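Colleague: Each protein sequence line maps, in turn, to chains A and B.
Sequential numbering from 306 applies to the first sequence in the working numbering.
Sequential numbering from 39 applies to the second sequence in the working numbering.
Note that CB positions come from ideal geometry on N, CA and C, so glycine has one too.
Fair warning: this is a prediction, and the values are worked out from it, not measured in the lab.
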Amino acid sequence: MSDFLLIIDSALYNAIGLSLVTLGVLITIRFLKYPDLTPDGSFTIGACVFARAITTGASGLGAVACGLGAGLLCGALTACFNTKLRIGKLLSSVTVMILSVACAPYILGCATIGLLNRSTLMNSLLEIDERSTHKLFGSGIGFLIHPASIGAGAFLLIILSVALYLFSNTRWGVGVRYLGSSLDSEPIMGTAAGPYKWLALMLGNSLVAAGGILCALTRGGADQGMGLGIVLTGVVALIIGESVMRLIGKKPVLNPAEEIAGALLGTVAYSFIVVIVLYFAGRYIDSRLLTVVMLVLLLAVLHRNKGRESELF
Amino acid sequence: MSSSELIDRDVVLTTTCLCKTYETSRGSRIELLRGLSFKVRLGECVVLVGRNGSGKSTLLRIIAGLESPTSGFVRLNPSSLDVAYLAQGVGEYAGRDLTVCEQVNLGRLRQAQVDAPRWSLSGPRAHLRAANLVRRLGMGIEHMLDEFVRNLSGGQMQAVMLASIIGATPPALILLDEHSSALDQVARDAIADLLQDCLTSRATSLVMVTHDQELLRRMPAKVIELCLPLYSFQGTGEQFPKEASLDA
Numbered sequence: 306m307s308d309f310l311l312i313i314d315s316a317l318y319n320a321i322g323l324s325l326v327t328l329g330v331l332i333t334i335r336f337l338k339y340p341d342l343t344p345d346g347s348f349t350i351g352a353c354v355f356a357r358a359i360t361t362g363a364s365g366l367g368a369v370a371c372g373l374g375a376g377l378l379c380g381a382l383t384a385c386f387n388t389k390l391r392i393g394k395l396l397s398s399v400t401v402m403i404l405s406v407a408c409a410p411y412i413l414g415c416a417t418i419g420l421l422n423r424s425t426l427m428n429s430l431l432e433i434d435e436r437s438t439h440k441l442f443g444s445g446i447g448f449l450i451h452p453a454s455i456g457a458g459a460f461l462l463i464i465l466s467v468a469l470y471l472f473s474n475t476r477w478g479v480g481v482r483y484l485g486s487s488l489d490s491e492p493i494m495g496t497a498a499g500p501y502k503w504l505a506l507m508l509g510n511s512l513v514a515a516g517g518i519l520c521a522l523t524r525g526g527a528d529q530g531m532g533l534g535i536v537l538t539g540v541v542a543l544i545i546g547e548s549v550m551r552l553i554g555k556k557p558v559l560n561p562a563e564e565i566a567g568a569l570l571g572t573v574a575y576s577f578i579v580v581i582v583l584y585f586a587g588r589y590i591d592s593r594l595l596t597v598v599m600l601v602l603l604l605a606v607l608h609r610n611k612g613r614e615s616e617l618f
Numbered sequence: 039m040s041s042s043e044l045i046d047r048d049v050v051l052t053t054t055c056l057c058k059t060y061e062t063s064r065g066s067r068i069e070l071l072r073g074l075s076f077k078v079r080l081g082e083c084v085v086l087v088g089r090n091g092s093g094k095s096t097l098l099r100i101i102a103g104l105e106s107p108t109s110g111f112v113r114l115n116p117s118s119l120d121v122a123y124l125a126q127g128v129g130e131y132a133g134r135d136l137t138v139c140e141q142v143n144l145g146r147l148r149q150a151q152v153d154a155p156r157w158s159l160s161g162p163r164a165h166l167r168a169a170n171l172v173r174r175l176g177m178g179i180e181h182m183l184d185e186f187v188r189n190l191s192g193g194q195m196q197a198v199m200l201a202s203i204i205g206a207t208p209p210a211l212i213l214l215d216e217h218s219s220a221l222d223q224v225a226r227d228a229i230a231d232l233l234q235d236c237l238t239s240r241a242t243s244l245v246m247v248t249h250d251q252e253l254l255r256r257m258p259a260k261v262i263e264l265c266l267p268l269y270s271f272q273g274t275g276e277q278f279p280k281e282a283s284l285d286a
């Protein structure tokens, strides 16, 4: 019973931070259809800037703002490289990703920063979680469940998802989706496409940075390698969610509301798969390796009847 | 104020000594437009005709600012003139994952349209606006507003993009590149009426490429025929490319 509860708790607890990453990837890779690998860097830099700000005495809110700003800057740099310096989409994002990861040790000042025993909102939530666990199972048991943290995270995700849905229907949001869904937007947009790219990349990468901040809080620290492969996690979650939503709706193209719901659903499903596999075979496989295996298997199944190579994934 | 100044204020587009030169892969040069100069006045319709490869689409792209001429210049009056351009190959630049309602309301992205909704492009007000805009095209697609653009036929896509760029307040200059090639006769007539209305309001001018003889008969237009490109080549006789390979 306790193992079953632990699996559910761990999966939902991990899914909160990852959902922010998937929503960010949804904006850049799905809406804008930009092969954006920046998230590996913006996730790391968001967490590192946040952790450094907290340890240097900044308030919790100020530190979160700094972390989000760092993600925003990563997205802006990618957009700048692409629209101003005319560097190709893929190369511009890879450059910023490497740049961010290379900067992370300088921001941290050491290899890792711990956040345990620091006064943050997360620690207050963890105290409530601890009290709830003791109330439910009595004191002296060897595990902790997180009802308060998961509830607060779910509330935050609902607000963000509604905001993202409203944004995707505005003129700017539809402009971003137009840019992604047309093969050649030049006749209609001309040089006006630039601001839409900037907006989507900045917004997407600040959401990923928010995921990095949450991850630093839940893990109790930030390190320079924590974002490695995070973009693949977002992509896998997105593919799982889209596939499920397509099966439910029985249609090949999803509207923004279905895409957002699919992203959240896919992240929860991904998180459950990872937790269950690691629970039973954690000695033989790690989460990154599992993510790659899942991605390859998913794409092989989804593309088995396709006549030609896909645009993005 | 002299009468010539008054006339010039009426001119929205002036092209002067335009020339566009391309290098082919075999080293020869193709000279398009060859010093073309013309003026378009407010409320005037100019039709570009000519053989395939004579530079009609290139001329429209130059006017739209998507390509630069090799020599000569294009002047818009005023320089911030609201220009809408509908290119060939509508499937390439239609927003395939948008709904018809969103695509129509998105409109011309270069200049913001005052009447276009900003906060919700698929809400009730946006639906009403899109239905009114597509109804004028006589395609019967006003009941398909929630359909994805990718599911439309080529002709329907063409009509949706036309409704999108013309909008409720037509732009000052419309550039159309074979806008009716995939449309049936009923839709062609409806669109010809719509364009005629735009012209009679004298707030819009039109430059279009068309092979539609019926449209040419219906609309009073200034016709400009573009000559076939001039080829120039420097090299030996053996290297001289066959004419068939020089088609632009």
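Output the distance between the C-alpha atoms of B/MET182 and B/GLY193, rounded to the nearest integer angstrom.
Modeller: Their Cα atoms are separated by approximately 14 Å.
Colleague: Who are A/THR388's beta bridge partners in DSSP?
Modeller: Its beta-bridge partners do not exist; DSSP assigns none.
Colleague: List the residues of chain B whose Cβ lies closer than 8 Å to the Cβ of A/GLU491, in chain order.
Modeller: In chain order: LEU104 and TYR131.
Colleague: Does the Cβ of A/LYS338 have 16 or more other Cβ atoms within 10 Å, making it buried, or fewer, making it exposed?
Modeller: Buried, by the Cβ-count rule.
Colleague: Excluding the 5 residues flanking B/VAL261 on each side, which residues of the same chain have their C-beta closer than 7 Å to its C-beta?
Modeller: The residues are VAL85 and VAL87.
Colleague: Here's the rule: buried if 16 or more other CB atoms are within 10 angstroms of the residue's CB, otherwise exposed. What is B/PRO209?
Modeller: Flag for B/PRO209 reads buried.
Colleague: Using a beta-carbon distance below 8 Å, is A/GLY372 in contact with chain B?
Modeller: Chain B contact via Cβ: absent.
Colleague: Would you check if the stretch 516 to 526 of chain A and the stretch 543 to 551 of chain A touch, i.e. whether three or more CB-CB distances between them fall below 8 Å?
Modeller: No: fewer than three Cβ pairs fall under 8 Å.
Colleague: Please confirm if B/ALA125 has its CB atom under 8 Å from at least one CB of chain A.
Modeller: So yes, B/ALA125 belongs to the interface.
Colleague: Mind pulling the chain A residues with CB within less than 7 Å of B/GLU140?
Modeller: VAL479, listed in chain order.
Colleague: Which residues does DSSP pair with B/GLU61 in a beta bridge?
Modeller: Answer by DSSP bridge pairing, in chain order: B/ARG67.
Colleague: Taking the runs of the beta strand (DSSP E) that are 3 residues or longer, which of them lie wholly in the stretch 534 to 598 of chain A?
Modeller: Qualifying beta strand (DSSP E) stretches: none in this window.
Colleague: Could you work out which residues of chain B lie near A/LEU342, taking near to mean beta carbons separated by less than 8 Å?
Modeller: What A/LEU342 touches in chain B: nothing, since even the nearest Cβ is about 22 Å away.
Colleague: Short of 7 Å in beta carbon distance, which residues of its chain neighbour A/ILE518, apart from the five on each side in sequence? Order them along the chain.
Modeller: Excluding positions up to five away in sequence, the list reads GLY351, ALA352, PHE355, VAL369 and GLY372.
Colleague: Ordered along the chain, which non-local residues of its own chain (more than five positions away) have a Cβ less than 7 Å from that of A/SER318?
Modeller: Before going further, note that residue 318 of chain A is Tyr rather than Ser in the sequence given. Excluding sequence neighbours, A/TYR318 sits near HIS451, SER454, ILE455 and THR523.
Colleague: Does any residue of chain B have a CB that is nearer than 8 Å to the CB of A/LEU488?
Modeller: Chain B, which has a Cβ nearer than 8 Å to the Cβ of A/LEU488, makes this yes.
Colleague: Check whether the Cβ atoms of A/LEU570 and A/THR383 sit closer than 8 Å, and answer yes or no.
Modeller: No, the pair does not count as a contact, with Cβ atoms beyond the cut-off.
Colleague: Give every residue of the same chain whose Cβ lies closer than 8 Å to the Cβ of A/VAL601, excluding the five residues on either side of it in the sequence, and list them in chain order.
Modeller: Cβ within range, chain order: n/a, list empty.
Colleague: What number of angstroms, rounded off, separates the C-alpha of A/SER511 from the C-alpha of A/VAL536?
Modeller: Distance between the alpha carbons of A/SER511 and A/VAL536: 14 Å.
Colleague: Where does B/SER106 land, buried or exposed, given buried means 16+ other C-beta within 10 angstroms?
Modeller: Its Cβ having fewer than 16 others within 10 Å, B/SER106 is exposed.
Colleague: What residues in its chain sit with their C-beta under 6 Å from that of B/ASP184, if we drop five residues either side in the sequence?
Modeller: THR137.
Colleague: Can you have a look at B/GLU140 and say buried or exposed, based on whether 16 or more other CB atoms are within 10 angstroms of its CB?
Modeller: Buried, since its Cβ has 16 or more Cβ neighbours within 10 Å.
Colleague: Compute the distance between the beta-carbons of B/LEU244 and B/LEU253, then report whether it is under 8 Å.
Modeller: For B/LEU244 and B/LEU253, no; Cβs fall outside 8 Å.
Colleague: With a floor of 4 residues, list each alpha helix (DSSP H) that falls wholly inside the stretch 146 to 220 of chain B, ordered by position along the chain.
Modeller: Runs found: 162 to 173 and 192 to 204.
Colleague: Suppose you measure from the CA of A/MET402 to the CA of A/SER347; what does that come to, to the nearest Å?
Modeller: Each residue's alpha carbon lies about 7 Å from the other.
Colleague: To the nearest angstrom, how far is it from the Cα of A/THR360 to the Cα of A/THR596?
Modeller: Each residue's Cα considered, the two are about 32 Å apart.
Colleague: Output needed for B/TYR60: all residues of its chain with C-beta closer than 6 Å, excluding positions within five of it in sequence on either side, in chain order.
Modeller: These residues qualify, in order along the chain: ILE68.
Colleague: Closer than 7 Å between beta carbons: that is the criterion. Which residues of the stretch 110 to 121 of chain B meet it against chain A?
Modeller: Taking 7 Å as the Cβ-Cβ cut-off against chain A, none of the residues of the stretch 110 to 121 of chain B qualify.
Colleague: By the 7 Å beta-carbon criterion, what residues does the stretch 183 to 198 of chain B contribute toward chain A?
Modeller: Against chain A - using a Cβ distance shorter than 7 Å - the residues of the stretch 183 to 198 of chain B are PHE186 and ARG188.
Colleague: To the nearest angstrom, report how far apart A/ARG476 and B/SER158 are at their CA atoms.
Modeller: About 7 Å.
Colleague: Do you know whose CA, among B/HIS217, B/ASP135, B/ILE229 and B/ALA225, lies nearest A/ASN474's CA?
Modeller: For A/ASN474, the nearest C-alpha among the options comes from B/ASP135.
Colleague: Please classify A/LEU395: is it buried, with 16 or more other beta-carbons within 10 angstroms of its beta-carbon, or exposed?
Modeller: By the neighbour-count rule (16 or more Cβ atoms within 10 Å), A/LEU395 is not buried but exposed.
Colleague: Is there a Cβ of chain B sitting closer than 8 Å to that of A/THR475, yes or no?
Modeller: Yes, A/THR475 counts as interfacial toward chain B.
Colleague: How is the beta strand (DSSP E) around B/GLY110 delimited, first residue to last?
Modeller: Element bounds for B/GLY110: 109 to 114.
Colleague: List the residues of chain B whose Cβ lies closer than 7 Å to the Cβ of A/TYR483, in chain order.
Modeller: Neighbours of A/TYR483 on chain B, chain order: GLY133, LEU136 and LEU144.
Colleague: So, are the CB atoms of B/ILE179 and B/ALA197 less than 8 Å apart?
Modeller: Yes, these two residues count as a Cβ contact at 8 Å.
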